[in-house]
Amino acid sequence: MKEEREIREESKALLDLMHLSHRSAEQAKNLPYGELRRLEIARALATRPKLILLDEPAAGMNPKEVEELMSLIRRIRDEFKVTVFLIEHHMQVVMGICERIKVIDFGETIAEGLPEAVAKDPKVLEAYLGKRGA
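Mapping to numbering that gives the first Met the number 0: the sequence shown position 127 is 126, numbers consecutive.
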């Protein structure tokens, strides 16, 4: 079993990674929304997962927070060697993070593959942009 000192050191390292060390004495309920989302990710990482599921992580964030989140998720994926399963409607986030994409429209898979191919897929364009001339 881990000693308290080791747990504190690991917690501090995760807070540093999330740029939250300045908030270490605050209760989670008092954090701004973007910081709370980062804290939630830190809590998940504390369990040393092989897979992390992020459901709409950019929801409600301003553009600056979204950019910071994208950078953070890429860093987590690469440094921690964690598979990130991302559910997200914010296409900038999806295209900026994902190595493979599966697009589901009303419960049906309409495209799957590399971001570049999925972004050009006619079914994806129709589902998200509508039919031409409509």
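Glycine residues also receive a C-beta, built at the ideal position from the N, C-alpha and C atoms.
Can you check which of these residues, V65, E34, F84, A126, is closest to P48 by C-alpha distance? F84
Rounded C-alpha distance that separates L14 from K101: 31 angstroms
When DSSP labels each residue in this structure, what does G95 get in the three-state scheme? helix
Starting from V102, trace the beta strand (DSSP E) both ways and give me its first and last residue. 100–104
Quick check on DSSP: helix, strand or coil for G129? coil
Could you tell me if A133 is buried or exposed, where buried requires 16 or more neighbouring beta carbons within 10 angstroms of its beta carbon? Below a pLDDT of 50, predicted positions are generally treated as unreliable, and A133, at 44, falls in that range; no measurement from the model is reported.
Three-state class that DSSP yields for V81 in the structure shown: coil
Which of the three DSSP states is assigned to L50 in this structure? strand
Does any C-beta atom of chain B lie closer than 7 angstroms to the C-beta of S23? No chain B is present in this structure, which holds just one protein chain.
Is E111 helix, strand or coil by DSSP? strand
Host alpha helix (DSSP H) of K11 (start-end): 3–16
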